[in-house]
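S.K.: Can you keep this structure in mind? I'll have questions shortly.
Chains as they are written, first to last, in the working numbering: chain U, 2 to 332; chain B, 2 to 332.
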């Protein structure tokens, strides 16, 4: 009998920059253990726990966890194979949502496999989340507790906005502005392509089709800066669903510097409304500049995974957003 | 059949500054209706709804809602009489917690009366909340969903701190600093006495025993300013219970100006921790200066009352804090 048996058994799907960071976030936890991970070419599973550093090294050297000895397996159907084989309480879907229907199709795979447990995503686009929202009943019937929009934005910032809104009788405006600094864009290739997809003249398919050289050449023209305005970001639909304001009052934008770890501006959310006395005011939440995108996405994701496990164990299945449920701190 | 029948039927116990503000916050709501209110000398109950302005006027003129025609009743046992008579889904306990055991004794009254529903408090002191926390099992058995610490601090700021903590592997420090500006302290006599009770050389009993003239004379010496440091504030125990950090890492202080509506400083909470990469950073949440104490206490209190009603209707009874449950925006 090992201590691992009392821990929440976690899987991570996708092992790019975000998946690798997620594994590192989990490494020191007493309440969770990483037992499974998959990428596009294979997966690794060890019920006694996977080593984040070794997994990261294998992925960076050989491009798939399938090469991990002795617990890796190469597969063209890695997610399917893993979820049938592994005993996992909850998966963090650290997958790039390219194409835009990908996350919903993964959720469908879990349903079709008869899998039960908790799924957490850090989806960004409103249109992608709408597809997942349509699966609410199917997820509930399947006995899956699905937590959507549980990264930084949507996620951490959306949840803070939902709480901040409580001071007001009516919400006029919720504006999220993020700053991201990445020293080396190649560690976040999928994330950067998702950002490019938001720019005028681009879309998800076009960004996905860009070669690394094309991305590089594009970033040369902007000196590595991507400025994003009025993005299609699911914070809007989450806050509308939570009854806080209509989605057109929620705006998301930001600046990504792909050549400096230092953030070009401090990520913040401003919640402006009218109080019951008729005063207009703005609450503001600002993230510390030293916190990375990885910390602000993976930390909340596992906080919501733990909250999801509580819901699941009480028989509460279906779909929940980060604006509805309080995340639980993972030790 | 009236529209009132689809609304959450709310009662407010205590009709000082906070209770009157609570009634005004409820007035424009479509999802909630104020049907009951009690003070130390009487109560008012109308299943079709009480008028906040008329109730406020009666209380200010005659010192009790018992004089309200035709729905008021004078009583030396106003809470007891009201809860036996009124059909209420949830009560906001807008009572001054003087003596320090008062809120727990009110909760006990509800249990003893066999009442079922939702109770929400905006308790401040750790020692007072500890008494309520001891009643967890009794509340659960009684079929009461009790939401504790659901004002501004504890409450709104504690909940934001619980979310902000998610970015970090370990929390070093959570510091809440509030600024309160009150144009006329006499509208918040009980609240000001609670603040004075936190000062060196005072305690709850001593502050309670002060006459209005003595409070006035005390405030003359400080030019109306009350500076509070390292207060006994239940944010600490709530964040400890939520598993975020030990209570000694939570600090609450502030400045109250009893002679100016303008806040002497912007109320804020700072959450400092270490990320999984080993970086130390601070997230900060700041309330808009134009939001009053009343807005920041009553708004969240009803947000938690609505969340409490959801829990209650799913059969989830017992005790919950503002750091565990996401408040629901009330339209």
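Here a beta-carbon is modelled for each residue, glycine too, at the ideal position from N, C-alpha and C.
1. Note the first and the last residue of the continuous beta strand (DSSP E) segment covering residue 44 of chain U.
2. Roughly how many angstroms separate the alpha carbons of residue 282 of chain B and residue 245 of chain B, rounded to a whole number?
3. Quick one: list the residues of chain B neighbouring residue 300 of chain U, beta-carbon separation under 9 Å, in chain order.
4. In terms of alpha-carbon separation, which member of B/115, B/139, B/107 and B/254 lies closest to residue 122 of chain B?
5. For residue 297 of chain B, go through chain U and note every residue whose CB falls closer than 7 Å to its CB, in chain order.
6. Taking 8 Å as the threshold (beta carbon to beta carbon), is residue 137 of chain B in contact with chain U?
7. Which of helix, strand or coil does DSSP assign to residue 139 of chain B?
8. Have a look at residue 260 of chain U and residue 181 of chain U and give me their C-alpha separation to the nearest angstrom.
9. When we look at the beta-carbon of residue 37 of chain U and count the other beta-carbons within 10 Å, is it buried (16 or more) or exposed?
10. For residue 65 of chain U, count the other beta carbons within 10 Å of its own beta carbon; 16 or more makes it buried, fewer makes it exposed. Which is it?
11. Closer than 7 Å by beta-carbon distance: list the chain B residues that pair up with residue 293 of chain U, in chain order.
12. Rounding to the nearest angstrom, what Cα-Cα distance links residue 88 of chain B and residue 47 of chain B in this structure?
13. What three-state label does DSSP hand residue 166 of chain B in the structure shown?
14. Are residue 11 of chain U and residue 161 of chain B close, meaning C-beta to C-beta below 8 Å?
15. Does any CB atom of chain U fall closer than 8 Å to the CB of residue 265 of chain B?
16. How many angstroms separate the CA atom of residue 2 of chain U from the CA atom of residue 9 of chain U?
17. Excluding the five sequence neighbours on either side, which residues of its own chain have a C-beta within less than 6 Å of the C-beta of residue 57 of chain B, listed in chain order?
18. Please name the residues in the segment 174 to 206 of chain U whose beta-carbon is closer than 8 Å to at least one beta-carbon of chain B, in chain order.
19. Should residue 2 of chain U be flagged as near chain B, meaning a C-beta pair shorter than 8 Å?
20. Can you find a CB in chain B that lies within less than 8 Å of the CB of residue 289 of chain U?
21. Note down, in chain order, each residue of its chain lying with its Cβ closer than 6 Å to the Cβ of residue 303 of chain U, except the 5 sequence neighbours on either side.
22. Kindly say whether residue 281 of chain U, judged by its beta-carbon, lies nearer than 8 Å to any beta-carbon of chain B.
23. In whole angstroms, give me the CA-to-CA distance for residue 190 of chain U and residue 228 of chain U.
24. Can you give me the Cβ contacts of residue 310 of chain B inside the same chain, cut-off strictly under 7 Å, excluding the 5 residues immediately before and after it?
25. Could you check whether residue 95 of chain B and residue 15 of chain B sit closer than 8 Å to each other, using their CB atoms as the reference points?
26. Should the segment 138 to 149 of chain B be called in touch with the segment 164 to 171 of chain B, which here means at least 3 C-beta pairs below 8 Å?
27. Less than 6 Å between C-beta atoms, sequence neighbours within five positions excluded: which residues of the same chain meet that for residue 68 of chain B?
28. Determine the DSSP secondary structure at residue 127 of chain U, reduced to helix, strand or coil.
29. Residue 285 of chain B lies in the beta strand (DSSP E); which residues open and close that run?
30. State the beta-bridge partners of residue 51 of chain B as determined by DSSP.
31. Quick check on residue 236 of chain U: does DSSP put it in helix, strand or coil?
32. With the cut-off set at 8 Å, would you say residue 19 of chain B and residue 253 of chain B are in Cβ contact?
33. Pop quiz: residue 155 of chain B and residue 234 of chain B are said to be a contact at Cβ under 8 Å. What is the actual Cβ separation, rounded to whole angstroms?
34. What's the C-alpha gap between residue 148 of chain U and residue 70 of chain U?
35. Are the Cβ atoms of residue 178 of chain B and residue 266 of chain B separated by less than 8 Å?
36. Would DSSP call residue 2 of chain B helix, strand or coil?
M.R.: To lay it out plainly:
1. Numbered from its first residue, the first chain carries residue 44 of chain U at position 43. Residue 44 of chain U: member of the beta strand (DSSP E) spanning 43 to 46, first to last residue.
2. Position 281 of the second chain holds residue 282 of chain B. Position 244 of the second chain holds residue 245 of chain B. So the alpha carbons of these two residues sit roughly 16 Å apart.
3. By 1-based counting over the first chain, the position of residue 300 of chain U is 299. Under the 9 Å cutoff, chain B gives 166, 167, 168, 169, 170, 276 and 277.
4. The residue you call residue 122 of chain B lines up with position 121 of the second chain. Nearest option by C-alpha distance: B/107.
5. Here residue 297 of chain B corresponds to residue number 296 of the second chain, with the count starting at 1. Going along chain U in sequence order, the residues near residue 297 of chain B (Cβ under 7 Å) are 168.
6. Start at 1 with the first residue of the second chain, and residue 137 of chain B comes out as number 136. It does not; no Cβ of chain U falls within 8 Å.
7. Counted from its first residue, the second chain places residue 139 of chain B at position 138. Three-state DSSP puts residue 139 of chain B in a helix.
8. Against the first chain, residue 260 of chain U aligns to sequence position 259. Against the first chain, residue 181 of chain U aligns to sequence position 180. Approximately 10 Å between the Cα atoms of the pair.
9. Position 36 of the first chain holds residue 37 of chain U. By the neighbour-count rule (16 or more Cβ atoms within 10 Å), residue 37 of chain U is buried.
10. The residue you call residue 65 of chain U lines up with position 64 of the first chain. Label assigned to residue 65 of chain U: buried.
11. For the purposes of this step, residue 293 of chain U is taken as the residue at position 292 of the first chain. By Cβ distance, chain B contributes 276 and 278.
12. The sequence position of residue 88 of chain B within the second chain is 87, counting from 1. The sequence position of residue 47 of chain B within the second chain is 46, counting from 1. Distance between the alpha carbons of residue 88 of chain B and residue 47 of chain B is about 9 Å.
13. Sequence index remark: in the second chain, residue 166 of chain B carries index 165 (1-based). Three-state DSSP puts residue 166 of chain B in a helix.
14. As a position in the first chain, residue 11 of chain U is number 10, starting the count at 1. As a position in the second chain, residue 161 of chain B is number 160, starting the count at 1. No, the Cβ-Cβ distance between residue 11 of chain U and residue 161 of chain B is not below 8 Å.
15. As a position in the second chain, residue 265 of chain B is number 264, starting the count at 1. It does not: the Cβ of residue 265 of chain B has no partner Cβ on chain U nearer than 8 Å.
16. Stepping through the first chain from its first residue, residue 2 of chain U is reached at position 1. Stepping through the first chain from its first residue, residue 9 of chain U is reached at position 8. With a pLDDT of 41 at residue 2 of chain U, under the threshold of 50, the modelled position of this residue cannot be trusted, and the question is left open.
17. Residue 57 of chain B sits at position 56 when you count from the first residue of the second chain. Within the same chain, residue 57 of chain B has close Cβ partners 21.
18. Cβ contacts with chain B come from no residue of the segment 174 to 206 of chain U.
19. Here residue 2 of chain U refers to the residue found at position 1 of the first chain. Per-residue confidence for residue 2 of chain U stands at a pLDDT of 41, beneath the threshold of 50, marking its modelled position as unreliable; no derived number is given.
20. Translated into positions along the first chain, residue 289 of chain U becomes position 288. Interface residue, yes.
21. Position 302 of the first chain holds residue 303 of chain U. Closer than 6 Å at Cβ, skipping near neighbours: 331.
22. As a first step, residue 281 of chain U is located in the first chain; it is residue number 280 there, counting from the start. So, interface residue.
23. Sequence index remark: in the first chain, residue 190 of chain U carries index 189 (1-based). Sequence index remark: in the first chain, residue 228 of chain U carries index 227 (1-based). About 17 Å.
24. By 1-based counting over the second chain, the position of residue 310 of chain B is 309. Closer than 7 Å at the Cβ level, and outside the excluded window around residue 310 of chain B, lie 9, 90, 91 and 119.
25. Locating residue 15 of chain B in the second chain gives position 14, where the first residue counts as 1. Locating residue 95 of chain B in the second chain gives position 94, where the first residue counts as 1. Going by beta carbons, residue 15 of chain B and residue 95 of chain B fall inside the 8 Å limit.
26. With the cut-off at 8 Å, the segment 138 to 149 of chain B and the segment 164 to 171 of chain B do not touch.
27. Indexing the second chain from 1 puts residue 68 of chain B at position 67. Taken in chain order, the residues that qualify are 59.
28. Within the first chain, the letter at position 126 stands for residue 127 of chain U. Three-state result, residue 127 of chain U: helix.
29. Within the second chain, the letter at position 284 stands for residue 285 of chain B. Unbroken beta strand (DSSP E) run through residue 285 of chain B: 281 to 287.
30. Translated into the one-based positions of the second chain, residue 51 of chain B becomes position 50. Partner(s): none; residue 51 of chain B has no beta bridge.
31. For the purposes of this step, residue 236 of chain U is taken as the residue at position 235 of the first chain. Under the three-state reduction of DSSP, residue 236 of chain U is assigned to helix.
32. Here residue 19 of chain B refers to the residue found at position 18 when the second chain is read from its first residue. Here residue 253 of chain B refers to the residue found at position 252 when the second chain is read from its first residue. Contact flag unset, no.
33. Translated into the one-based positions of the second chain, residue 155 of chain B becomes position 154. Translated into the one-based positions of the second chain, residue 234 of chain B becomes position 233. Between residue 234 of chain B and residue 155 of chain B the Cβ distance is about 7 Å, and since that is below 8 Å, they are a contact.
34. As a first step, residue 148 of chain U is located in the first chain; it is residue number 147 there, counting from the start. As a first step, residue 70 of chain U is located in the first chain; it is residue number 69 there, counting from the start. Residue 70 of chain U has its alpha-carbon roughly 32 Å from the corresponding atom of residue 148 of chain U.
35. The residue you call residue 178 of chain B lines up with position 177 of the second chain. The residue you call residue 266 of chain B lines up with position 265 of the second chain. It is a contact, given that the beta carbons lie within the stated cut-off.
36. In the second chain, the residue the question calls residue 2 of chain B occupies position 1. Any reading at residue 2 of chain B must be qualified, since the residue scores a pLDDT of 41, below 50, and its modelled position is unreliable; the value itself is stated next. Coil at residue 2 of chain B, not helix or strand.
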